[in-house]
Amino acid sequence: MIISHKYKYIFLKTTKTAGTSIEISLSRFCGKDDIITPISSKDEEIRKELGVFPQNCIYTRPLELKEYRPKHLRSLILEGKQPQLETKFWNHMPASKIRKAIGTKIWNSYFKFCFVRNPWNRAVSRYYWNIEKTGKTESLTESLQQNNPNSNFYIYAIDNKLAVDYVGKQESLMEDLCSVCDRLGIPFDKWLPKAKGGARKDRRHYSEILTEEQANFIREKCAAEIEWFGYEF
């Protein structure tokens, strides 16, 4: 996840959508005051070679008046201290948490974007990624039951409403990312590292891997995402 004061944008990092590759690439253009969240140690090695590191992950800001509670007023009156909110940012932080952390002024004025992916394809990708990461050989059905296939929804939505200004698709990643960078004035050179790739050994189309029951389960859980972004099985 990145909050760039230099270019006035917030990149909300969804899972299994090339988010780490995007984050590493965009990190190269960040300023010293921008917020860059940590990623896995393996992926940090890629970023380290670029001379870029996580930074400013602990963020403190004054509370807005509407956020004041009685204890904050007491502190202000009795001690003369302006109440502060301290937050630690992380890579897959949901929109609601980011908005609370940075306040409505920055949230409303910065360009917010994320990427999504065909929910069925993403679920299969996540299944194989979990196997490689944990070493567990659970079934795909068990994986779907234990890992909400709609988890990205809560990263880019607040109260079941889209909370970002732009949603790119993993299926048209380069085109959509170039469009974002052009809008923000980022001198993007189309370079993306191959982060977190290679976990999926079964290269069949997801429609050949998922059973009808599994496909319907994903369709039900990801109904809003499918409708919003026009995905089809």
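Just so we're aligned: 372 in my numbering is position 177 of the sequence shown, and the numbers increase by one with no gaps anywhere.
The beta-carbon is built from N, C-alpha and C at its ideal position, and this holds for glycine as well.
TODO: May I have a chain-ordered list of the beta strand (DSSP E) segments no shorter than 3 residues that lie completely inside the region 277–360?
DONE: Here the runs fully enclosed are 279–283 and 306–311.
Task: Nearest-angstrom Cα separation, counted from residue 217 out to residue 352 - done: Roughly 20 Å separates the two Cα atoms.
Task: Contact the region 366–378 vs the region 291–305: 3+ CB pairs below 8 Å - done: Of all C-beta pairs linking the region 366–378 to the region 291–305, fewer than three are shorter than 8 Å, placing the two stretches out of contact.
- [ ] Let me know if residue 246 comes out buried or exposed under the rule of 16 or more other beta-carbons within 10 Å of its beta-carbon.
- [x] Only exposed fits residue 246, as fewer than 16 other CB atoms lie within 10 angstroms of its CB.
Task: Sequence-distant residues of the same chain with beta carbon closer than 6 Å to residue 228, five excluded per side - done: Cβ within range, chain order: 200.
Task: Residues sharing a beta bridge with residue 206, DSSP - done: Residue 206 pairs with 197 and 308.
Open item on the list: Suppose you measure from the CA of residue 263 to the CA of residue 254; what does that come to, to the nearest Å?
Closed with: Answer to the nearest angstrom: the Cα atoms are 18 Å apart.
Task: Cβ shell of residue 389 (< 8 Å), same chain only, five flanking positions each side left out - done: Setting aside the 5 residues that flank it on each side, residue 389 is surrounded in the same chain by 216, each with a C-beta closer than 8 Å to its C-beta; the list follows chain order.
Open item on the list: What does the alpha-carbon distance come out to for the pair residue 295 and residue 417?
Closed with: Taking the straight line joining both Cα atoms gives about 25 Å.
TODO: Please determine, among 224, 226, 225 and 249, the residue with the shortest C-alpha to C-alpha distance to residue 236.
DONE: For residue 236, the closest C-alpha among the options 224, 226, 225 and 249 is that of 249.
Task: Check whether residue 198 and residue 230 have beta carbons under 7 Å apart - done: The criterion of a C-beta distance shorter than 7 Å is satisfied by residue 198 and residue 230.
Open item on the list: Please tell me whether residue 286 and residue 234 are closer than 7 Å, where the distance is taken between their beta carbons.
Closed with: Yes, the Cβ-Cβ distance between residue 286 and residue 234 is below 7 Å.
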